[in-house]
Amino acid sequence: MEPQIFIETPRLILREWLTTDVPPFILLNNDTEVMEFFPSIKTANETIEQIGRISSHIKKHGYGFFAVERKDNRQFIGFTGLAHPGFDAGFTPCIEIGWRLSRENWGYGFATEAAKACLKFGFNNLEVDEIYSFTSVHNIRSEEVMKRIGMIKKGYFEHPLIENGHFLKKHVLYKIIR
284 MEPQIFIETP RLILREWLTT DVPPFILLNN DTEVMEFFPS IKTANETIEQ
334 IGRISSHIKK HGYGFFAVER KDNRQFIGFT GLAHPGFDAG FTPCIEIGWR
384 LSRENWGYGF ATEAAKACLK FGFNNLEVDE IYSFTSVHNI RSEEVMKRIG
434 MIKKGYFEHP LIENGHFLKK HVLYKIIR
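Each residue of the sequence shown is one higher than the last, beginning at 284 in this note's numbering.
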């Protein structure tokens, strides 16, 4: 059975998660470079639980962090999509856009291409008025994607799920309006 496809771009398919995505996502979540701006790498069990939460979000809302597959080689390369942040902050509740791609797929514009398509999906299909994105102030690569997709910096916040004093506590916040 073919997976449900939510979004297609010239080079990518954003689709539901498959069991075949589990091994490469475990590797991705265990890559210290990919996870540099997260509190820790994830174990195999934590990654499987994460896929379960992501899939549940997609089933409940009709959108979420979609699995991203390259069209040229049918390779799973990570996720991009829209979701509800799981914490309280001055800008929540909201819809956030996020992405995480395998290191070997960095530098090809895949994150920007997938994120632009997700913004279009959010504004046109879901009819949301605004979408947020955030990351550690140290994650310049991710912040550059936010700028490339037209988001505007709104300021900074202390991430409530990261312990005080941790170098990842301070986050930058971006927003885009339909």
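Each residue gets a CB set at the ideal place from its N, CA and C atoms; glycine is no exception. It should be emphasised that the depicted structure is a prediction, and the values quoted were computed from it without experimental measurement.
- Taken in chain order, the whole alpha helix (DSSP H) runs of length 4 or more contained in the stretch 312-363 are 327-344.
- Using a Cβ-Cβ distance cut-off of 8 Å, the stretch 438-454 and the stretch 352-363 are not in contact, since fewer than three pairs of beta carbons, one from each stretch, lie closer than that value.
- Looking at the backbone, the Cα of A400 and that of I334 are separated by about 21 Å.
- Scanning E332, E329, L365 for the CA closest to the CA of H344 turns up L365.
- For E396, the closest of P376, T418, M429 by C-alpha to C-alpha distance is M429.
- It is roughly 10 Å from the alpha-carbon of E441 to the alpha-carbon of V420.
- In the pairwise beta carbon analysis, the stretch 366-380 is classified as not touching the stretch 308-326: fewer than three pairs are separated by under 8 Å.
- Judged by their CB atoms, F404 and Y457 are not nearer to each other than the 8 Å cut-off.
- Counting C-beta atoms within 10 angstroms of its own C-beta, I288 has fewer than 16 neighbours from the protein chains shown and is therefore classed as exposed.
- When C-alpha distances from L384 are compared across I445, F348, I435, the shortest belongs to F348.
- In the structure shown, S425 falls within a helical segment according to DSSP collapsed to helix, strand and coil.
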